[in-house]
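*Asks:* Residue numbers (the UniProt record's numbering), protein chains in the order written: chain A, 1 to 314; chain B, 1 to 314.
Number of protein chains: 2
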Amino acid sequence: MDLQILDHRLRVTSISKNGLVNYTHPLIKLIFLRNRTRCKFFSLTETPENYTVVLDEEGFKELAPSEHLQVESSIWLPLNVASNGNASSSSQAVGVTKIAKSVIAPLAQQHVSVFMLSTYQTDFILVREKDLSVVISTLNEEFNIFKEVEGEYVPVGCQDFTNGLLKNGKEVVQPTVHPVLIPLNQFCVMSLDPDTLPSIATTLIDVLFYSNSPKEESESSTGQDLECIKFFSFSLIDGYVSLVMDTEAQRQFPADLLFTSSSGELWRMVRIGGQPLGFDECGIVAQISQPLADGDISAYYISTFSFDHALVPE
Amino acid sequence: MDLQILDHRLRVTSISKNGLVNYTHPLIKLIFLRNRTRCKFFSLTETPENYTVVLDEEGFKELAPSEHLQVESSIWLPLNVASNGNASSSSQAVGVTKIAKSVIAPLAQQHVSVFMLSTYQTDFILVREKDLSVVISTLNEEFNIFKEVEGEYVPVGCQDFTNGLLKNGKEVVQPTVHPVLIPLNQFCVMSLDPDTLPSIATTLIDVLFYSNSPKEESESSTGQDLECIKFFSFSLIDGYVSLVMDTEAQRQFPADLLFTSSSGELWRMVRIGGQPLGFDECGIVAQISQPLADGDISAYYISTFSFDHALVPE
Numbered sequence: 001m002d003l004q005i006l007d008h009r010l011r012v013t014s015i016s017k018n019g020l021v022n023y024t025h026p027l028i029k030l031i032f033l034r035n036r037t038r039c040k041f042f043s044l045t046e047t048p049e050n051y052t053v054v055l056d057e058e059g060f061k062e063l064a065p066s067e068h069l070q071v072e073s074s075i076w077l078p079l080n081v082a083s084n085g086n087a088s089s090s091s092q093a094v095g096v097t098k099i100a101k102s103v104i105a106p107l108a109q110q111h112v113s114v115f116m117l118s119t120y121q122t123d124f125i126l127v128r129e130k131d132l133s134v135v136i137s138t139l140n141e142e143f144n145i146f147k148e149v150e151g152e153y154v155p156v157g158c159q160d161f162t163n164g165l166l167k168n169g170k171e172v173v174q175p176t177v178h179p180v181l182i183p184l185n186q187f188c189v190m191s192l193d194p195d196t197l198p199s200i201a202t203t204l205i206d207v208l209f210y211s212n213s214p215k216e217e218s219e220s221s222t223g224q225d226l227e228c229i230k231f232f233s234f235s236l237i238d239g240y241v242s243l244v245m246d247t248e249a250q251r252q253f254p255a256d257l258l259f260t261s262s263s264g265e266l267w268r269m270v271r272i273g274g275q276p277l278g279f280d281e282c283g284i285v286a287q288i289s290q291p292l293a294d295g296d297i298s299a300y301y302i303s304t305f306s307f308d309h310a311l312v313p314e
Numbered sequence: 001m002d003l004q005i006l007d008h009r010l011r012v013t014s015i016s017k018n019g020l021v022n023y024t025h026p027l028i029k030l031i032f033l034r035n036r037t038r039c040k041f042f043s044l045t046e047t048p049e050n051y052t053v054v055l056d057e058e059g060f061k062e063l064a065p066s067e068h069l070q071v072e073s074s075i076w077l078p079l080n081v082a083s084n085g086n087a088s089s090s091s092q093a094v095g096v097t098k099i100a101k102s103v104i105a106p107l108a109q110q111h112v113s114v115f116m117l118s119t120y121q122t123d124f125i126l127v128r129e130k131d132l133s134v135v136i137s138t139l140n141e142e143f144n145i146f147k148e149v150e151g152e153y154v155p156v157g158c159q160d161f162t163n164g165l166l167k168n169g170k171e172v173v174q175p176t177v178h179p180v181l182i183p184l185n186q187f188c189v190m191s192l193d194p195d196t197l198p199s200i201a202t203t204l205i206d207v208l209f210y211s212n213s214p215k216e217e218s219e220s221s222t223g224q225d226l227e228c229i230k231f232f233s234f235s236l237i238d239g240y241v242s243l244v245m246d247t248e249a250q251r252q253f254p255a256d257l258l259f260t261s262s263s264g265e266l267w268r269m270v271r272i273g274g275q276p277l278g279f280d281e282c283g284i285v286a287q288i289s290q291p292l293a294d295g296d297i298s299a300y301y302i303s304t305f306s307f308d309h310a311l312v313p314e
């Protein structure tokens with residue numbers, strides 16, 4: 001299999017709930033006005049705590065520093081597994097399950113923190129730029145590793161990176177067991193022709209930026225169930241749109257524009273962490289994805305600034 | 001003819017050019033998300049100096065006070081002339097010309113400041129609430145005056161207001177002569193089915209909120225001609241959309257959604273004032289509209305926070 005190190009240098013940031021109004025201007029530009037920005041990697045995920053924004057340096061410079069913006073200090077690089085023809089995997093599962101044993105588990109063993117971002121199209125594994133040599137050393141047995149350079153994929157010679165191997169030692173650390181929460185909402189993972197993004201602009205703007213303000217002409221909405229979770233994720237990466245939303249949000253969009261995988265499957269969320277997880281603990285994705293891989297169960301996985309979220313079939 | 005005092009209590013405000021980013025969130029809500037606001041009267045006009053926002057009290061409470069927001073201290077009421085069947089006017093002219101002699105001139109004579117807001121649908125004459133008794137006393141000979149109360153038009157008895165008549169005296173003040181500027185752009189006055197507003201959302205957002213930031217993938221645009229003026233006006237009043245833009249901005253919108261009057265006429269602008277005009281001087285609209293009425297020349301008239309703008313046929 002091929003592992004691609006994509007040509008994006010990413011920042012992982014968080015905007016506070018009540019600070020969002022101050023970032024509406026740059027965020028709308030990054031989402032809808034492609035001819036006004038060079039940003040090619042943008043992801044925005046609303047959770048009950050905050051808005052996690054992952055974006056490349058071109059996008060990051062649009063976000064003015066303020067008390068409402070938290071920025072993780074590292075540069076993160078997205079990795080992507082390309083299942084080329086001769087892949088030996090017989091798994092039919094999609095999402096993070098496919099890469100649990102080949103990528104997630106070995107990186108966890110090497111104590112490399114990963115930030116996962118599953119989308120409709122693929123699963124991005126974000127690693128810190130400073131961990132790249134360890135990552136390459138760890139994965140080069142299983143993968144042909146390529147680095148994207150100006151749109152071309154250039155093979156990465158592992159000899160350049162052997163000094164990184166096992167940098168972190170191999171002692172087995174007993175992983176922390178985090179509490180999980182399983183909210184009642186059902187989620188769908190959807191996409192959209194990027195050319196039709198303008199058609200859903202007002203709905204998407206409404207859901208992303210105004211869903212916490214009251215509706216004036218409410219149709220006696222019952223409001224969010226207490227046992228449901230607020231979770232909405234939008235990403236626009238290299239021209240591809242991906243949306244993760246619950247069925248209640250989905251009803252607000254025109255049914256003919258968004259598409260889901262042929263199965264039209266609904267997903268339930270497993271939210272990991274009773275306390276914010278931070279960025280330094282390793283092995284959390286592995287803890288979750290390993291048993292799913294053993295059972296060949298598809299799963300999406302979305303890390304956010306505070307918590308991790310796995311989506312598994314209903 | 002009938003004169004209607006509409007049931008809106010308006011504020012006239014100005015947002016500084018570089019303060020707009022702080023108001024993107026409430027403005028987008030007021031323009032596009034009708035089910036999230038009770039605002040029924042909203043107008044936003046960009047000029048080279050600032051953004052003039054005229055809106056009712058429901059809309060005004062969305063605008064958080066800041067150094068970037070200037071607010072004229074009065075409450076303004078919109079008047080509207082309804083040309084009912086038995087109108088004796090033989091004029092074919094549209095816009096402010098129709099009301100120059102019957103409304104604008106008499107009010108100027110009574111030293112009543114007016115703030116004009118022409119739209120595709122009609123011409124709103126805004127007067128200060130505290131001037132209302134003078135307005136009614138002045139106009140009740142020429143008009144049947146009605147006050148809109150919860151959607152119904154209730155006749156206004158002039159006896160309630162006679163004490164206001166001639167409050168300001170009748171001495172003739174020599175009007176100040178203001179310099180005028182005639183930019184080269186050609187303007188069109190357009191409308192749109194409000195249900196199709198979402199279809200032009202991204203274009204409208206781009207033009208309103210981002211036209212001052214550079215385009216990254218510019219098609220070697222020559223930029224705004226120095227002798228052209230930046231002027232764009234959007235209003236959404238009682239469900240009716242009106243847009244005034246120059247032909248350069250018009251090209252960015254899909255041609256099949258916006259419509260103009262049957263003549264498809266283009267307009268040139270006469271901008272009044274070398275210095276900001278303020279709100280207390282009277283007779284400016286009269287100075288301009290009187291000769292246009294004499295010549296039976298159609299004209300739109302849009303007041304902004306700093307200057308007045310007449311649009312006359314090319």
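The C-beta atom is built at its ideal place from N, Cα and C for all residues, glycine as well. Just so it is clear, the structure is predicted and the values come from calculations on it, not from any experiment.
1) By the DSSP assignment, the alpha helix (DSSP H) with residue 135/B in it spans what residues?
2) With three or more C-beta pairs closer than 8 Å as the rule, is the stretch 267–276 of chain B touching the stretch 135–154 of chain B?
3) For the stretch 278–293 of chain A and the stretch 105–115 of chain A, state whether three or more C-beta atom pairs, one from each stretch, are separated by less than 8 Å.
4) In chain A, what lies closer than 7 Å to residue 291/B by C-beta?
5) Could you tell me which chain A residues have their CB closer than 7 Å to the CB of residue 29/B, listed as they occur along the chain?
6) Can you name the residues that DSSP bridges to residue 188/B?
7) In chain order, what residues of the stretch 186–203 of chain B put their CB closer than 9 Å to some CB of chain A?
8) Tell me where the alpha helix (DSSP H) around residue 25/A begins and ends.
9) Give me the Cα-Cα distance between residue 308/A and residue 240/A, rounded to the nearest whole angstrom.
10) Do we get a CB-CB distance below 8 Å when we pair residue 213/B with the residues of chain A?
11) Work out the CA separation of residue 230/A and residue 48/A for me, nearest whole Å.
12) Please report the residue range of the beta strand (DSSP E) in which residue 45/A lies.
13) Compare the C-beta of residue 56/B with all C-beta atoms of chain A and state if any pair is closer than 8 Å.
14) Would you call residue 185/B buried or exposed, if buried means 16 or more other Cβ atoms sit within 10 Å of its Cβ?
15) Can you round the beta-carbon distance between residue 126/A and residue 76/A to whole angstroms, since I take them to be within the 8 Å contact cut?
16) Would you say residue 274/A and residue 155/A are within 8 Å of each other, going by their C-beta atoms?
17) Check this for me: beta carbons of residue 198/A and residue 202/B, under 8 Å apart or not?
18) Here's the rule I'm using: 16 or more other beta-carbon atoms within 10 Å means buried, otherwise exposed. How should residue 252/B be labelled?
19) Where does residue 106/B sit, in a helix, a strand or coil, going by DSSP?
20) What residues of chain B sit near residue 21/A, judged by a beta carbon separation below 7 Å?
21) Let me check understanding here. Comparing Cα to Cα, which of 306/A, 305/A, 314/A, 301/A lies closest to residue 97/A?
22) Quick check on residue 10/A: does DSSP put it in helix, strand or coil?
23) Quick check: the Cα distance between residue 12/B and residue 286/B, rounded to an integer number of angstroms?
24) Tell me the residue span of the beta strand (DSSP E) that contains residue 82/A.
25) Would you please verify whether the beta carbon of residue 206/B is less than 8 Å from any beta carbon of chain A?
26) Which of the three DSSP states is assigned to residue 50/A in this structure?
27) Using the C-alpha atoms, what's the distance from residue 177/A back to residue 290/A?
*Replies:* Looking at the atomic coordinates:
1) 132–139
2) no
3) In short, these stretches touch, since the Cβ pair count reaches three.
4) Going along chain A, no residue has its Cβ under 7 Å from residue 291/B, so there is no contact; the nearest lies around 43 Å.
5) Chain order gives the chain A residues near residue 29/B as 210, where near means a beta carbon separation below 7 Å.
6) According to DSSP, which records beta bridges pairwise, residue 188/B is partnered with 245/B.
7) 197, 198, 199, 200, 201, 202, 203
8) 24–32
9) Straight-line Cα distance between these residues: approximately 23 Å.
10) yes
11) 5 Å
12) 41–46
13) no
14) Buried: at least 16 other Cβ atoms inside 10 Å.
15) 4 Å
16) Not a contact, by the Cβ cut-off of 8 Å.
17) yes
18) Its Cβ having fewer than 16 others within 10 Å, residue 252/B is exposed.
19) helix
20) 25
21) Residue 97/A has its Cα closest to that of 301/A, out of 306/A, 305/A, 314/A, 301/A.
22) Three-state result, residue 10/A: strand.
23) 20 Å
24) Per DSSP, residue 82/A belongs to the beta strand (DSSP E) from 76–82.
25) yes
26) strand
27) 14 Å
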